[in-house]
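Just so you know, we're using the numbering used here here: the sequence shown kicks off at 311 and counts up by one.
Note that beta-carbon positions come from the ideal geometry of N, C-alpha and C, so glycine has one too.
Remember, predicted model here, so these are calculated numbers, not experimental data.
The next block holds one structure in the form of structure tokens; read it before the comments.
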Amino acid sequence: MNGLVEMTAVEIKSLGSASATDSEERLGPRAFLSGVPASLTAFLGLLPILIETAGKVGVLRRPYWSHFYDPETIFFYDGVRVLHGQAPLNVDHPGLPTHYLSALIAAVSTSDPLRIDQFRLTAYVVVAVLSFAGAYLLQRLWLQKLDVAWGVAALWVWFSFPTALQWTAVWRTESLYLFFGAFAIVAVVRFSKSRRDVDAALLGASVGLLLSLKLLFLGWIPAALCAVLVGGQVQGARRVRQMLILSGAGLGAFVLVTLPVVDRYPYVIRWVWRLASRGGEYGSGGVGLPGVWWAGEVVVAWIQSAKGWCVVAATLWLWVLVMCHRGSREAGPLAGAIAFSSVALPTSALAMLRGNGDSRYLLAIGLLGLMTCGIAGELTPKRWRAGIGGVLVLVLGLLLGKALRLDWSVESSWARRHAALREELSGLLRDKGLRPEAARIVFSFRFPDPAFALRIMTEDEAMLRRVESRFPRTGHYNPWSRRLWLPAGSTRWDALVVASKDVARLPFPVGEEMGQVGEYRVFAPSRMLASSQGGPYEDGRRDLVAAGVGVEDHKVVRDAPGAK
């Protein structure tokens, strides 16, 4: 706290009309429209995206059904719903900006699930374009005064964060973090330097927009309020007013973006409360905090996997503290931004402990690393900037090279593993006297199958009928709703492929186990479920009653993919 008080004192001594004018020139509208160097810096900073996307799309060519098909098909189907004037269904993120963009992408590419690769490719182009826009925004409205090396380094801090590159070639909410995060970062710095009410409103609106994208940014709300409290020459009453302005703008932006799903707010609130109050991952387990040992293991494991990035980020943060202690002239105007980063770091880290330890729940910290790099560049004396910036680019380039190599290696291993799973299943079916191409197979999450990948994330009858026009002999089981869809016109399956962890929760009888394929178990049909008396749906109802399954809660859906 003493350090922040010192920064405020430095600010009062150093800020004058000339520096205020200089700040306005750097951050004003004219700065946004002038010069080419920012475009060049943004392009250099985005080289990792270009390399990653070219490698994934042009070389590795990940098929839509291999992995990550669940987020891509979720946003495809919900995008088509929005395009047709309906509200999206999957809003627990809530992810509304991604849904809206998905609708635009579907409009210019395709709304046909059998042509989903066109949708995916268009989405990756959109990610690249929006990432360039976000990078350009950062350069023109903030990082322009620094050497090119620092501008590139700030972007590379983001891309070298674990899994940040991976999501540039997968269509999901994380793909848009750089674009929307750039607005928030620029807004924080702008407010920290100007202390104007309008910039407080812009900061609140940018955080509200991020929350409409992903609720994992909840920790940025107290961080933004701290940015108002720390630094600046404004009086106490004005600080309170700016906090109210910031809060109102944030709430207004969130409500405006999520208005089409306002009726789902209770569901979202229950989901967030469950995540926050339960001790297990994804809101499971009893009420309580995550176990201390488990939380410690998760944090240590993540640091070990990202030690290179952690060393760079920690060094940048220590450099910021050293420069503040030395009384850097820029420390005062940046006090609010430094306070924002200081508070947002631990609150963002809590998100991973509410999930399953996946690095993507920490991506907000990657954006804070980008911000810290820019702050460090501003605080660095001009005579040292070029040298330190060059070293940073070199180190981060090595980290990026390692990240690209690891990501491509993982992608290739997944492709080989999924191809092997499909071949192993075909061999098992042949051993049981079935022809794989003619067998009626019901798949469960997340087996890598072309038909299943297009079926699992929708219950829309028209969409499922369209998928069945190409894949008529495939059904699916949804482990979340515990509902079964048999292949069109069928009253039984030839093989049920279900994840081992979901077998105990199956709400319908199964027959003899035919074998195991990786983490999936394969079952023959139950004689009870395969009854041929009466109509197929009524058959299923009687069979389930006989098996002791509550049909009022769980249905076997036969030849009616869109039934509710």
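message = Using CA atoms only, rank isn't needed, just tell me which of Ala834, Phe378, Trp477, Gln454 is closest to Glu362.
response = It is Trp477.
Practice prompt. Using 10 angstroms around the beta-carbon of Met692, count the other beta-carbons present and answer buried if the total reaches 16, otherwise exposed.
Written response: A small correction: the amino acid at residue 692 is Lys; Met does not occupy that position in the sequence shown. Exposed, by the Cβ-count rule.
Kindly indicate which three-state DSSP category Phe353 falls into: helix, strand or coil?
If DSSP states are grouped into helix, strand and coil, Phe353 belongs with the helices.
query = Could you give the residue range of the alpha helix (DSSP H) that holds Trp718?
reply = 692 to 741 is the extent of the alpha helix (DSSP H) around Trp718.
Using a Cβ-Cβ cut-off of 7 Å (strictly less than) and excluding sequence neighbours within five positions of Tyr487, which residues of its own chain qualify? Leu673, Leu677.
- Query: For Val653, which residues from the same chain have a beta carbon less than 7 Å from its beta carbon, with the 5 sequence-adjacent residues on both sides left out?
  - Reply: In its chain, beyond the 5 residues on either side, Pro532, Ala533, Cys536 have a beta carbon closer than 7 Å to the beta carbon of Val653.
For Ser754, the residue or residues it bridges with in DSSP
Paired residue(s): Tyr787.
Could you work out which residue in Thr351, Met767, Phe762 is closest to Trp460 when comparing CA atoms only? Proximity to Trp460 across Thr351, Met767, Phe762 peaks at Thr351, based on C-alpha coordinates.
* Would you list the one or two residues that DSSP bridges to Val808? => Per DSSP, Arg831.
Quick check: Val480 and Phe378, are their CB atoms within less than 8 Å of each other? Yes, the Cβ-Cβ distance between Val480 and Phe378 is below 8 Å.
Count the other CB atoms, across all protein chains shown, that sit within 10 Å of the CB of Tyr671; report buried if there are 16 or more and exposed otherwise.
Classification of Tyr671: buried, given that the 10 Å Cβ count is 16 or more.
If the criterion is Cβ atoms closer than 8 Å, does the pair Ala686 and Gly541 meet it? In this structure, Gly541 does not lie closer than 8 Å to Ala686 by Cβ.
Whole-angstrom C-beta distance between Thr568 and Lys524, which should lie under 8 Å = Wrong, their Cβ atoms sit about 12 Å apart, outside the cutoff.
_Please list the terminal residues of the continuous beta strand (DSSP E) segment that includes Leu523._
For Leu523, there is no enclosing beta strand (DSSP E); the enclosing alpha helix (DSSP H) has its first and last residue at 507 to 523.
Exposed or buried, what is Asp402 when buried is set at 16 or more other beta-carbons lying within 10 Å of its beta-carbon?
Using a 10 angstroms sphere on the CB of Asp402, the tally of other CB atoms stays under 16, which defines it as exposed.
Determine whether the beta carbon atoms of Met633 and Ile495 lie at a separation below 8 Å.
Their beta carbons are not under 8 Å apart, which means Met633 does not touch Ile495 by this criterion.
Report task. Confirm, please, whether the CB-CB distance from Asp380 to His409 is below 8 Å. Result -> No, the Cβ-Cβ distance between His409 and Asp380 is not below 8 Å.
| query | For the candidate residues Pro407, Tyr830, Val392, whose alpha-carbon lies nearest to that of Ser516? | reply | Nearest to Ser516 by alpha-carbon distance, out of Pro407, Tyr830, Val392, is Pro407.
**Message:** Suppose the cutoff is 8 Å on Cβ atoms and the five residues either side in sequence are ignored; what does the same chain contact list for Ala559 look like?
**Reply:** Same-chain partners within the cutoff: Ala510, Ala511, Leu512, Leu513, Gly514, Ala515, Gly518.
For this session: Grab me the residues of Gly828's own chain with a C-beta within less than 6 Å of its C-beta, minus the 5 sequence neighbours each way, in chain order.
Result: Close CB contacts of Gly828 within its chain, under the 6 Å cut and outside five residues either way in sequence, are with Leu731 (chain order).
- Query: Which of helix, strand or coil does DSSP assign to Val540?
  - Reply: Val540 falls in the coil class under three-state DSSP.
Contacts around Leu424, its chain only, beta-carbon distance under 8 Å, and the 5 residues preceding and following it disregarded
Within its own chain, the residues whose Cβ lies closer than 8 Å to the Cβ of Leu424, once the five positions on either side in sequence are excluded, are Leu764, Arg776, Val777, Ser779, Arg780, listed in chain order.
*asked:* What does the alpha-carbon distance come out to for the pair Arg450 and Val458?
replied: The straight-line gap from Cα to Cα measures roughly 12 Å.
On the three-state DSSP scale, how would you describe Trp583?
Secondary structure of Trp583 (DSSP, three-state): helix.
*Measure the alpha-carbon distance for Leu475 versus Gly546 and round it to whole angstroms.*
C-alpha separation (whole angstroms): 43 Å.
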